[in-house]
Structure formats: C-alpha cells, structure tokens
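In what follows, a single structure is set out as structure tokens and then discussed.
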Amino acid sequence: MGYAELIQQRLKTLPPEKQAEVYDFVEFIAARNPRPNPVDWTNEEFSRLSMTQALRGLEKDPVDYALADVKERWQ
C-alpha cells in the first residue's frame with residue numbers, strides 16, 4: 167500500500183478540523199517544492215531535451231565515415 171492510501175485511511179479517522187490542518191500542511195509542502203510543469207516548456211527547450219535523450223550514450227561512438235565517403239553535397 168502506498169503513502170497516499172495510508173494517509174487517506176488515517177485521514178478518514180480524523181475530525182474535520184484536523185483534516186483541514188492536514189490539507190493546509192500538504193499545501194505548505196507543495197508550495198515549498200513546486201514541480202516544473204512540462205506544459206510551460208518552450209518548443210526549443212522540449213526539442214533540446216528530446217534530442218539530448220535520443221542521443222544519450224552516442225557521444226563516445228566512433229564515426230564510421232569520412233568526408234571522402236560523401237557522394238553528393240547538399241548546397
């Protein structure tokens with residue numbers, strides 16, 4: 167059983183005024199530890215994160231081709 171379920175069970179046994187105190191405390195903790203909202207990310211930030219994750223671990227891979235291998239250059 168997770169913490170949310172344990173807290174919910176215990177919370178049900180408390181009187182309403184104590185439940186309100188618990189809620190206030192949870193709001194206090196949440197305000198001190200805000201989570202970044204991915205919706206607030208710009209497209210550039212999200213693209214950078216996506217590319218970083220997609221290429222993770224490839225930095226040390228050897229390059230298997232050279233400029234001489236190019237058959238046609240894009241201009």
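Its first residue numbered 167, the sequence shown is counted upward by one per residue in the numbering used here. Even glycine gets a Cβ: it sits at the ideal position worked out from N, Cα and C.
With DSSP collapsed to three states, give me the class of D227.
-> Residue state for D227 is assigned as coil, using DSSP reduced to three classes.
If you draw a straight line from the C-alpha of L180 to the C-alpha of E171, how long is it?
-> The straight-line gap separating the alpha-carbon atoms of L180 and E171 is approximately 15 Å.
Q241, DSSP secondary structure in three states | coil
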